[in-house]
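Numbering (this note's numbering), first residue to last: 40 to 223.
Take a look at the structure below.
Structural data, given as structure tokens:
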């Protein structure tokens, strides 16, 4: 399997949580409203899976391999993706903080939770579309043969050594839990 195929599979898990987050943000004004703990769980997923597993592979393995193959970091798609990763981190921190305020009884924090969640969903949907249709095909063109296998093996090392065994599955389970929480 090519390295980009691994990342695209992870995108499908992230997109499931984005759909759930979009629905949860709309339910903040419902009766009864979705609780702050749902958004804290979503922030846990984002920080642990989207950022901790997925972006770690991109930033620590794929992007450097692309740079080594001649794709510039600055002024190109890699720089854009890195800037969007940082923007996503800021939105996640803000959503988590607002969810904490909401849990403490500040009902006015709902609007901030909703805004940060909605902004994150919008950002990540566009980000994933750019990666799937522009960046990953570019990576497949410039990273060839044995180097492609090295990148995929490095992804496996990230899973085993940096993020910890079983962590990937833990966050896939959290994604399912977030989806199921909206069913009830």
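Glycine is no exception: its CB is placed at the ideal position from the N, C-alpha and C atoms.
Can you give me the C-alpha to C-alpha distance between residue 164 and residue 170, rounded to a whole angstrom? Numbered from its first residue, the chain shown carries residue 164 at position 125. Numbered from its first residue, the chain shown carries residue 170 at position 131. Straight-line Cα distance between these residues: approximately 10 Å.
Let me confirm a value: residue 81 is counted as buried when at least 16 other C-beta atoms fall within 10 Å, else exposed. Which label applies? For this step, residue 81 is matched to residue 42 along the chain shown. With 16 or more other Cβ atoms within 10 Å, it is buried.
Which whole-angstrom value is the C-beta distance of residue 101 and residue 42, which I expect to be below 8 Å? Numbered from 1 along the chain shown, position 62 holds the residue referred to as residue 101. Numbered from 1 along the chain shown, position 3 holds the residue referred to as residue 42. So it is a contact: roughly 6 Å between Cβ atoms.
Do you know how far the Cα of residue 152 is from the Cα of residue 63? Sequence index remark: in the chain shown, residue 63 carries index 24 (1-based). Sequence index remark: in the chain shown, residue 152 carries index 113 (1-based). Roughly 10 Å between the two C-alpha positions.
Helix, strand or coil for residue 59, going by three-state DSSP, please let me know. Here residue 59 corresponds to residue number 20 of the chain shown, with the count starting at 1. Note: residue 59 maps to helix in three-state DSSP.
Hey, quick one: how far does the alpha helix (DSSP H) through residue 124 stretch, first residue to last? For the purposes of this step, residue 124 is taken as residue 85 along the chain shown, with counting starting at 1. Here the alpha helix (DSSP H) through residue 124 covers 116-142.
Hey, would you say residue 83 sits closer than 9 Å to residue 162, going by beta carbons? Walking along the chain shown from the start, residue 83 turns up at place 44. Walking along the chain shown from the start, residue 162 turns up at place 123. For residue 83 and residue 162, no; Cβs fall outside 9 Å.
Residue 57 versus residue 133 - alpha carbon distance: Here the question's residue 57 lines up with position 18 in the chain shown. Here the question's residue 133 lines up with position 94 in the chain shown. Roughly 16 Å between the two C-alpha positions.
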